[in-house]
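Enquirer: In my numbering, the protein residues as written are 11 to 226.
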């Protein structure tokens with residue numbers, strides 16, 4: 011389903027940037043997925059040959075390839091591409107990172123915001139790399155709980171900081187469009203390591219990502 015490595019390299023998704031300058035797809039995979047979706051449309055009671063649906067299977071196949079291109083990305087490599095020695099030892103926070111993913115249980119979207127912090131231990135990373143790591147893990151079939159841990163573990167293992175904190179707040183279409191159909195429910199997950207396991211540091215992080223003023 012995912013875009014192949016050659017296409018990623020040729021079109022700006024080299025496993026490090028996490029973003030494509032143009033959308034390119036694996037033609038063989040597009041055909042296989044489209045053929046399956048043509049059958050699904052028929053099984054749903056629709057006519058896949060009517061004008062409005064003739065190109066839908068191919069569009070869905072391409073959309074799925076894009077939405078799951080995170081399998082072709084190397085999150086640790088993204089971080090390693092912009093790591094610098096720096097004796098800064100205070101909290102670094104990137105908050106309100108927009109997040110879009112697909113729930114692996116129903117293949118329906120969930121989306122929201124991710125807040126990430128780390129306390130350096132002799133090394134910092136380019137700030138844009140943290141949102142790209144989030145995207146690399148989000149653009150896969152996921153559950154929010156594992157996504158939170160994936161981001162935390164990648165930063166912890168690659169940067170080896172004094173601590174990492176990750177909080178994700180997301181709305182799940184499998185709860186909104188079907189099932190319990192609760193329109194305004196938000197799921198919040200968190201994962202911490204090191205210094206963020208202390209009450210004082212964790213409380214400071216939660217205050218700084220809050221909607222109020224970060225000034226005490």
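Don't be surprised by glycine CBs; every beta carbon is placed ideally from N, CA and C.
In the DSSP assignment, find the alpha helix (DSSP H) that holds residue 200 and state where it starts and stops.
Expert: Numbered from 1 along the chain shown, position 190 holds the residue referred to as residue 200. Where residue 200 is concerned, there is no enclosing alpha helix (DSSP H), although the beta strand (DSSP E) it sits in stretches over 197-202.
Enquirer: Check the C-beta distance from residue 127 over to residue 158 and give it rounded, since I have them as a contact under 8 angstroms.
Expert: As a position in the chain shown, residue 127 is number 117, starting the count at 1. As a position in the chain shown, residue 158 is number 148, starting the count at 1. Contact annotation, residue 127 with residue 158: C-beta distance approximately 13 angstroms; criterion of less than 8 angstroms not satisfied.
Enquirer: What's the gap between the Cα of residue 91 and the Cα of residue 130?
Expert: On the chain shown, position 81 is the one that residue 91 refers to. On the chain shown, position 120 is the one that residue 130 refers to. Straight-line Cα distance between these residues: approximately 17 angstroms.
Enquirer: Could you check which residue in 49, 99 and 182 has the C-alpha nearest to that of residue 154?
Expert: As a position in the chain shown, residue 154 is number 144, starting the count at 1. It is 182.
Enquirer: Would you list the one or two residues that DSSP bridges to residue 110?
Expert: Here residue 110 refers to the residue found at position 100 of the chain shown. According to DSSP, residue 110 bridges with 121.
Enquirer: Identify every residue that forms a DSSP beta bridge with residue 144.
Expert: Against the chain shown, residue 144 aligns to sequence position 134. In the DSSP output, where bridge partners are listed per residue, residue 144 has none listed.
Enquirer: Whose CA, out of 53, 44, 82 and 177, lies closest to the CA of residue 151?
Expert: Sequence index remark: in the chain shown, residue 151 carries index 141 (1-based). Among 53, 44, 82 and 177, the Cα nearest to that of residue 151 is on 82.
Enquirer: Only counting the same chain, and skipping five residues up and downstream in sequence, which positions put a Cβ closer than 6 angstroms to that of residue 93?
Expert: By one-based count along the chain shown, residue 93 stands at place 83. For residue 93, same chain residues with a beta-carbon under 6 angstroms away, outside a window of 5 residues either side, are 133 and 135 in chain order.
Enquirer: Flag this pair as touching only if the segment 44-61 and the segment 95-105 have three or more C-beta atom pairs under 8 angstroms; answer yes or no.
Expert: no
Enquirer: Rounded to the nearest angstrom, what separates residue 217 and residue 98 at their Cα positions?
Expert: Translated into the one-based positions of the chain shown, residue 217 becomes position 207. Translated into the one-based positions of the chain shown, residue 98 becomes position 88. Each residue's Cα considered, the two are about 21 angstroms apart.
Enquirer: Let me know if residue 111 comes out buried or exposed under the rule of 16 or more other beta-carbons within 10 Å of its beta-carbon.
Expert: Position 101 of the chain shown, counted from the start, is the residue given in the question as residue 111. When all chains shown are included, residue 111 counts as buried.
Enquirer: If you compare alpha carbons, which of 165, 138, 115 and 76 is closest to residue 188?
Expert: As a position in the chain shown, residue 188 is number 178, starting the count at 1. Of the candidates 165, 138, 115 and 76, 115 places its Cα closest to the Cα of residue 188.
Enquirer: Measure the alpha-carbon distance for residue 65 versus residue 77 and round it to whole angstroms.
Expert: Within the chain shown, numbered from 1, the residue matching residue 65 stands at position 55. Within the chain shown, numbered from 1, the residue matching residue 77 stands at position 67. Going from the Cα of residue 65 to the Cα of residue 77 covers about 18 angstroms.
Enquirer: Determine the extent of the beta strand (DSSP E) in which residue 179 is found, giving its start and end residues.
Expert: Reading the chain shown from its first residue, position 169 is the one you call residue 179. It spans 173-182 - the beta strand (DSSP E) in which residue 179 sits, taken as one unbroken run.
Enquirer: When you compare only the Cα positions, how much space is there between residue 40 and residue 58?
Expert: What you label residue 40 is simply residue 30 of the chain shown in a count that begins at 1. What you label residue 58 is simply residue 48 of the chain shown in a count that begins at 1. If I take the Cα positions, the gap works out to 16 angstroms.
Enquirer: Opposite residue 128 in the DSSP bridges: which residues?
Expert: The sequence position of residue 128 within the chain shown is 118, counting from 1. Paired residues: 102 and 174.
Enquirer: In this structure, how does DSSP classify residue 185 when only helix, strand and coil are distinguished?
Expert: Here residue 185 refers to the residue found at position 175 of the chain shown. DSSP places residue 185 in helix when its eight states are reduced to three.
Enquirer: Compare the Cα-Cα distances from residue 198 to each of 214, 179 and 49 and report the closest residue.
Expert: Along the chain shown, read from residue 1 onward, the residue named residue 198 stands at position 188. If we check each option's Cα against that of residue 198, 179 comes out closest.
Enquirer: Which whole-angstrom value describes the C-beta separation of residue 162 and residue 79, a residue pair presumed to lie in contact below a C-beta threshold of 8 angstroms?
Expert: Locating residue 162 in the chain shown gives position 152, where the first residue counts as 1. Locating residue 79 in the chain shown gives position 69, where the first residue counts as 1. Not really, about 22 angstroms apart at Cβ, beyond 8 angstroms.
Enquirer: Can you give the Cα-Cα distance for residue 70 and residue 47, rounded to whole angstroms?
Expert: Position 60 of the chain shown holds residue 70. Position 37 of the chain shown holds residue 47. The straight-line gap from Cα to Cα measures roughly 8 angstroms.
Enquirer: Short check: CB of residue 220 to CB of residue 171, under 8 angstroms?
Expert: Position 210 of the chain shown, counted from the first residue, corresponds to residue 220. Position 161 of the chain shown, counted from the first residue, corresponds to residue 171. No. Outside cutoff.
Enquirer: Between which two residues does the alpha helix (DSSP H) holding residue 40 run?
Expert: The residue given as residue 40 occupies position 30 in the chain shown. Counting along the chain, the alpha helix (DSSP H) containing residue 40 begins and ends at 37-53.
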